[in-house]
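Okay, so here's the structure we're looking at.
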Amino acid sequence: MHRLVRLIALAAVASIALVGALSGPASASSSFNTTLKISKRFPTFHGNVISNNKFCVDGRRVKLIQKLPNGHRKVLGKVDAKSNGHWKIKIAAGSGAYYAKAPKLESASLGIECHAAKSRTLVID
Numbered sequence: 003m004h005r006l007v008r009l010i011a012l013a014a015v016a017s018i019a020l021v022g023a024l025s026g027p028a029s030a031s032s033s034f035n036t037t038l039k040i041s042k043r044f045p046t047f048h049g050n051v052i053s054n055n056k057f058c059v060d061g062r063r064v065k066l067i068q069k070l071p072n073g074h075r076k077v078l079g080k081v082d083a084k085s086n087g088h089w090k091i092k093i094a095a096g097s098g099a100y101y102a103k104a105p106k107l108e109s110a111s112l113g114i115e116c117h118a119a120k121s122r123t124l125v126i127d
């Protein structure tokens, strides 16, 4: 009798494990907002990535984008933020409208999702 109960319990555990394995990787269980700052002060262009989760800040990819007069966009540079969130892209700035973007970032193994962010638009005359 004990052997039959043990066999049934083992079969139940195995079937639960199989269902878990077939359902695929776990989705992000924690989602964090990100704020992207761009400074108008020298040196152009720099700013900060801000989030409540260090994973969303350290090494976060930031793209500097120029809005062109014809409505198109041009990526002028890319950089990974430092561990404190500071980023800087050194380019010669002419007149125009500029902003920074940080794309969405996910880690399935950590269960973390960092939302995409866009800075305010900086206009240089």
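Note that the sequence shown covers residues 3 to 127 in our numbering. Ideal placement from N, C-alpha and C gives every residue a C-beta, glycine not left out. Predicted model only: the values in this text are computed from it and were never measured.
Check: Check for me: the beta strand (DSSP E) holding glycine 79 runs from which residue to which?; Outcome: 75 to 82
Check: Let me know if valine 64 comes out buried or exposed under the rule of 16 or more other beta-carbons within 10 Å of its beta-carbon.; Outcome: buried
Check: In this structure, how does DSSP classify phenylalanine 44 when only helix, strand and coil are distinguished?; Outcome: coil
Check: Strictly by DSSP, which residues pair up with cysteine 58?; Outcome: BP columns for cysteine 58 are empty, so no partner.
Check: Which stretch, first to last residue, makes up the beta strand (DSSP E) that contains methionine 98?; Outcome: According to the sequence as given, residue 98 is glycine; it is not methionine. Run containing glycine 98: 98 to 104, per the beta strand (DSSP E) assignment.
Check: What's the gap between the Cα of serine 41 and the Cα of serine 32?; Outcome: 29 Å
Check: Output the boundary residues of the beta strand (DSSP E) element that contains lysine 130.; Outcome: For the chain, the structure presents residues 3 to 127; residue 130 sits outside this window and is missing.
Check: As a quick exercise: from Leu38, Ile52, Thr46, Lys39, pick the residue whose alpha carbon is nearest that of glycine 96.; Outcome: Thr46
Check: Which residues in the same chain have their Cβ closer than 6 Å to the Cβ of arginine 122, if we skip the five residues on either side of it in sequence?; Outcome: none
Check: Which first and last residues belong to the beta strand (DSSP E) in which histidine 88 is found?; Outcome: 88 to 90
Check: Going by DSSP, what residues sit across from leucine 38 in a beta bridge?; Outcome: Val51
Check: So, is leucine 70 buried or exposed, given that buried needs 16 or more other C-beta atoms within 10 angstroms?; Outcome: exposed
Check: Excluding the five sequence neighbours on either side, which residues of its own chain have a C-beta within less than 7 Å of the C-beta of lysine 120, listed in chain order?; Outcome: Leu38, Tyr101, Lys103
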